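These notes are about the structure you will find just below.
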Amino acid sequence: MTKRIGEVILSFTNISLSFGGVNALTRIGFDVKEHEIRAIIGPNGAGKSSMLNVINGVYHPQQGEIVFRGKARRGMNTYESAKSGIARTFQNIALFKGMSVLDNIMTGRNLKMRSNFLLDALYWGPAQREEIAHRKKAEEIIDFLEIQHIRKTPVGRLPYGLQKRVELGRALAAEPAILLLDEPMAGMNVEEKQDMCRFILDVNDQLGTTIVLIEHDMGVVMDISDRVVVLDYGKKIADGTPDEVRANQDVIDAYLGVAH
Amino acid sequence: MSVANAAPEVAGLDTFPRLLLHHGRTQGARPATREKDLGIWQTWNWSQVANEVRALACGLAELGFRRGDNLAVIGDNRPRLYWAMAAAQCLGGVAVPLYQDAVAAEMAFVLQDAEIGFAIVEDQEQVDKMLEIKSQCPALGHILYDDPRGLRHYTQAGLQSLEEVMAMGRSHDHNQPEFIDGEISRGEPGDIAVMLYTSGTTGKPKGVCQTHSSFITAAKSGCEFDRLGPADSILSYLPMAWVGDHLFSYAQAMVAGFTINCPESGDTVMTDLREIGPTYYFAPPRVFENLLTTVMIRMEDAGRIKRRMFDYFMAVARRCGAEVLDGRPGVAAIDRFLYAAGDLLVYGPLRNVLGMSRIRVAYTAGAAIGPDLFRFYRSIGVNLKQLYGSTETCAAVCLQPDGEIKFDSVGKPAPGVEVRIAENGEVLVKGKMLLKEYYKRPADTAEAIDAEGYFHTGDAGFFDEDGHLKIIDRAKDVGKTAGGAMFAPNYIENKLKFFSFIKEAVAFGHGREMVCAFINIDMGAVGNWAERRSISYSGYTDLAQKKPVYELIRECIEKANAELAQDPMLCPSQVHRFLILHKELDPDDDELTRTRKVRRAFVAEKYAVLIEALYSDNDSQFIETQVKFEDGRSGMVSADLAIMDARVFPAQAQRKAA
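These protein sequences, in sequence, are chains A and B.
Per the numbering used here, residue 1 is the first one in the first sequence, and the count goes up by one each step.
Per the numbering used here, residue 1 is the first one in the second sequence, and the count goes up by one each step.
Structure representation (structure tokens):
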């Protein structure tokens with residue numbers, strides 16, 4: 001299988017983020033190319049989630065430059081980042097528990113909706129047409145993720161693995177250019193992990209979505225990512241293909257510990 | 001509905017492609033096929049289906065599919081896969097549906113055996129299997145898939161999407177429209193239409209060749225029997241390779257011109273069933289049982305008022321529901337009134353939840369169905385019936401007529417079917433719906449069909465006094481008691497196993513004076529029962545030997561005996577003495593097969609001392625047995641087993657319908 005990995009779509013130089021005296025990220029620099037699966041790994045507290053939060057505008061780094069699609073990005077908030085085509089899932093599932101799977105996925109279409117409140121309330125004319133178009137898109141995602149049987153089930157009643165899948169569905173509903181996944185496989189059993197891997201690969205392959213993911217499960221990361229960046233104590237210690245990273249002495253030390 | 005719904009009789013409709021074209025012309029605007037896709041039911045009418053099939057057939061012809069070729073069809077129930085079967089038949093080819101959940105290695109056997117050159121498959125999963133075994137099946141040159149998802153990067157030769165093939169076919173059909181009509185007119189009713197492989201529980205699977213004529217005959221008699229017509233609709237959710245689905249979703253749909261509905265996925269069948277509300281339904285007993293369990297569990301969680309209402313009206317339904325459904329006289333006016341009220345408050349809503357509101361006819365077959373289960377559905381107004389047949393007989397040997405329902409018979413021979421019981425009790429069948437042959441196995445064919453044209457089913461059975469066929473066992477298991485009466489162990493065991501307290505039973509009686517049985521109690525059900533009566537026990541062996549448990553099982557056996565006594569043929573098979581085994585029969589100890597069937601000979605040998613005790617006057621017997629634990633260690637279990645007599649009943653000609 002030949003993958004068409006494109007140009008750099010997102011790059012970071014010298015990113016530093018600190019909370020008071022704690023340096024969460026120190027002079028981090030790496031890039032993400034179009035259509036690739038880019039993993040960020042590292043031990044607990046390495047700054048992985050902070051990095052993801054920097055990407056989608058939750059945190060604003062004190063130093064450094066982010067270039068997204070050739071444009072320097074400064075002080076972008078989460079709304080603007082979502083609008084520019086970055087969607088994400090969360091480490092702890094953040095779905096609307098009382099709403100059905102379908103409704104949850106429809107919320108992911110929110111940014112694409114144009115009609116005004118009044119027309120929507122009346123479900124009339126353009127609002128109706130728009131709703132139908134969005135519903136079609138949501139149904140395509142349901143089909144894609146094979147969750148037809150739980151379409152009308154409230155999310156809170158679903159097992160954990162399925163909730164994770166629904167969350168992925170909601171992120172996909174925004175038709176993102178870059179999808180950020182924060183530990184998509186945490187707390188899953190082997191079968192659920194395999195399913196999730198397959199969906200991530202399918203999303204990347206068929207929708208061409210660029211994926212940045214954080215994951216603890218090394219097996220998964222090495223299997224599905226194109227390039228891996230390794231953080232430890234807020235610093236970048238390695239960057240490269242899974243094989244390169246696996247052979248890197250600093251990475252081995254960070255994961256297995258080192259005798260001082 | 002019945003009069004307007006009758007399928008019109010037109011001459012010359014003797015092959016499936018001709019039937020399809022006929023429906024396309026005469027009822028072109030009526031729905032033929034529905035499929036739920038992206039959450040919405042998509043409908044194709046008969047004229048669209050006829051066009052799609054033409055396109056597919058022309059495309060196949062363009063790729064080199066010729067008269068007499070076999071086309072493998074593999075996947076879940078998808079409209080295009082049904083159309084593919086029709087397309088193959090248009091060209092004089094044979095459709096060979098395979099079980100979609102089989103692993104690649106199992107498919108390889110069939111593909112080799114049937115010399116498959118073309119396979120039409122559903123999706124990536126099946127394509128992967130085909131590619132995996134391609135090297136073993138050199139003839140397999142073309143793999144056509146319906147759903148392109150995940151297949152973008154596949155570049156193997158011979159792999160094509162159905163979409164492309166149909167586009168090719170459309171332009172072919174446009175350029176030479178007479179081609180496909182010519183091919184269809186060359187088809188003969190005696191041509192083989194479909195080849196269904198037997199499950200192969202006994203040896204390698206065999207390809208059963210069925211002609212257009214046999215399946216059309218079988219479908220026609222079924223449609224007339226239950227007055228099926230264009231207004232009916234069915235949910236097609238059972239494996240396409242299974243004869244039942246082929247009969248209901250393909251042959252009968254083509255003959256009667258009714259609508260088939262393909263569910264969205266295997267997991268959504270229950271929702272889809274409810275949305276479609278079919279008028280005609282088929283399910284194996286297992287499905288009906290699961291449905292009932294779901295209902296019961298949900299009722300446990302319901303509020304107190306609802307639960308009391310449910311219990312009260314279910315009691316009414318048990319009392320008179322089946323009679324009301326059959327329109328039998330003799331139901332008291334008050335019961336009729338209560339039943340009508342129950343229909344409004346309980347049965348109607350319940351049928352709605354189950355997706356059975358519109359069902360006129362529902363069938364079950366394939367395994368013995370428990371009387372309570374069967375009565376439950378009939379009593380809430382679902383016209384559930386049983387039928388009997390096999391792959392070799394187009395699943396159309398016997399059907400239960402409306403109003404003559406018994407839970408332990410499979411009904412009367414279908415119109416045009418001749419059924420005879422052989423000397424040894426084996427059921428012999430003759431009619432137009434018989435198989436033409438086993439594919440490339442003349443010896444097997446000669447063995448199955450005798451010189452007079454009777455097919456030997458391998459099942460043992462007999463006709464009761466109403467002319468209903470009762471299937472009792474596999475013919476090879478049936479023996480004779482010392483008194484010369486027929487002894488069918490499976491039938492007796494099934495009867496016992498219908499009691500929730502009895503998990504497993506083994507009956508003995510071949511060459512003996514009387515029938516005796518080993519019993520395994522159901523640990524869950526009996527344990528629960530014992531707890532409610534404050535009977536303490538330490539484990540299976542202890543519980544099994546409790547006096548009250550023996551009494552409980554004796555009651556069950558006596559009930560079964562009373563039922564057996566009603567039938568003069570089975571009266572001598574009543575269980576005289578029994579014991580409860582000290583351990584559960586287990587596949588790990590080789591006592592059961594992996595599919596939980598008793599290994600009769602092995603059990604008889606292992607427990608010979610217990611059998612001797614059953615036929616002696618002793619009322620207890622000591623036994624020590626080796627058992628394997630789940631971790632692989634083995635140990636000894638020993639117990640002093642009590643043996644108890646059960647009351648037997650004199651033969652009686654009393655009749656009681658289900």
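Idealized CB from N, CA, C, for every residue including glycine.
Note that the structure is a prediction, hence the values are computed from the model and not measured.
Quick check: residue i and residue j, are their CB atoms within less than 8 Å of each other?
i, j, result
"W44/B", "R30/B", "no"
"E131/A", "G39/B", "no"
"G366/B", "P284/B", "yes"
"K470/B", "G484/B", "no"
"S573/B", "F487/B", "yes"
"I15/A", "K33/A", "no"
"V221/A", "I237/A", "no"
"A395/B", "V243/B", "yes"
"L325/B", "D272/B", "no"
"D217/A", "L52/A", "no"
"F629/B", "D640/B", "no"
"D232/B", "A256/B", "yes"
"V165/B", "G59/B", "yes"
"T393/B", "L434/B", "yes"
"S620/B", "A642/B", "yes"
"K129/B", "A95/B", "no"
"W114/B", "N70/B", "Looking at the sequence provided, one finds Ala at residue 114/B rather than Trp. Cβ atoms of A114/B and N70/B: closer than 8 Å."
Counting only beta-carbon atoms, is residue i nearer than 8 Å to chain B?
i, result
"I5/A", "no"
"R151/A", "yes"
"M1/A", "Confidence is the limiting factor: at M1/A the pLDDT is only 44, short of 50, which leaves the residue's position unreliable and the question unanswerable from this model."
"D239/A", "no"
"D202/A", "yes"
"Q249/A", "no"
"I252/A", "no"
"I37/A", "no"
"K193/A", "no"
"K136/A", "yes"
"N14/A", "no"
"Q163/A", "no"
"D143/A", "yes"
"Q128/A", "no"
"E139/A", "yes"
"Q62/A", "no"
Let me see if you follow: with CB-CB separation under 8 Å, is residue i close to chain A or not?
i, result
"T268/B", "yes"
"E122/B", "no"
"L273/B", "no"
"L38/B", "yes"
"S265/B", "yes"
"G150/B", "yes"
"A4/B", "With a pLDDT of only 45 at A4/B, under 50, the local geometry of the prediction cannot be trusted, and the value read off the model is given with reservation. Chain A contact via Cβ: absent."
"D645/B", "no"
Between the Cα of residue i and the Cα atoms of the options, which residue gives the shortest distance?
i, options, result
"E558/B", "L496/B, I580/B, V603/B", "L496/B"
"G64/A", "G125/A, R109/A, F12/A, D232/A", "F12/A"
"N561/B", "V295/B, E605/B, I492/B, A322/B", "I492/B"
"S534/B", "P278/B, V549/B, D522/B", "V549/B"
"I553/B", "F499/B, R596/B, A601/B, G425/B", "F499/B"
"E591/B", "H582/B, F602/B, K583/B", "F602/B"
"E289/B", "F376/B, I405/B, A451/B, G635/B", "F376/B"
"R512/B", "Q42/B, R577/B, T26/B", "R577/B"
**Prompt:** Is there contact between the stretch 113 to 127 of chain B and the stretch 86 to 100 of chain B, where contact requires at least three CB pairs shorter than 8 Å?
**Reply:** yes
**Completely contained alpha helix (DSSP H) runs for the stretch 493 to 567 of chain B, where each covers 4 or more residues** = 523 to 532, 540 to 544, 547 to 565
**Item:** Contained beta strand (DSSP E) runs [length at least 3] in the stretch 77 to 154 of chain B, N- to C-terminal order
**Value:** 94 to 98, 118 to 121, 142 to 145
**Item:** Complete alpha helix (DSSP H) runs within the stretch 582 to 631 of chain B (minimum length 4 residues, chain order)
**Value:** 600 to 606, 608 to 614
**Item:** Touch test, the stretch 371 to 381 of chain B against the stretch 215 to 227 of chain B, Cβ-Cβ under 8 Å, three pairs minimum
**Value:** no
**Request:** Assess, as a yes-or-no matter, whether the stretch 29 to 45 of chain A is touched by the stretch 199 to 215 of chain A under the definition of 3 or more beta carbon pairs within less than 8 Å.
**Result:** yes
**Prompt:** Using 8 Å as the Cβ pair cut-off and three pairs as the minimum, do the stretch 146 to 166 of chain B and the stretch 77 to 93 of chain B touch?
**Reply:** yes
**Message:** Threshold first: 4 residues or longer. Then list the alpha helix (DSSP H) segments lying entirely within the stretch 360 to 404 of chain B, N to C.
**Reply:** 371 to 379
**Prompt:** Per the contact definition of three or more C-beta pairs closer than 8 Å, is the stretch 156 to 173 of chain A in contact with the stretch 89 to 97 of chain A?
**Reply:** yes
**Request:** Indicate whether the contact test is met: 3 or more Cβ pairs, each with one atom in the stretch 146 to 153 of chain A and one in the stretch 95 to 109 of chain A, closer than 8 Å.
**Result:** yes
**Prompt:** Pairing CB atoms from the stretch 601 to 608 of chain B with CB atoms from the stretch 521 to 532 of chain B, are three or more of them under 8 Å?
**Reply:** no
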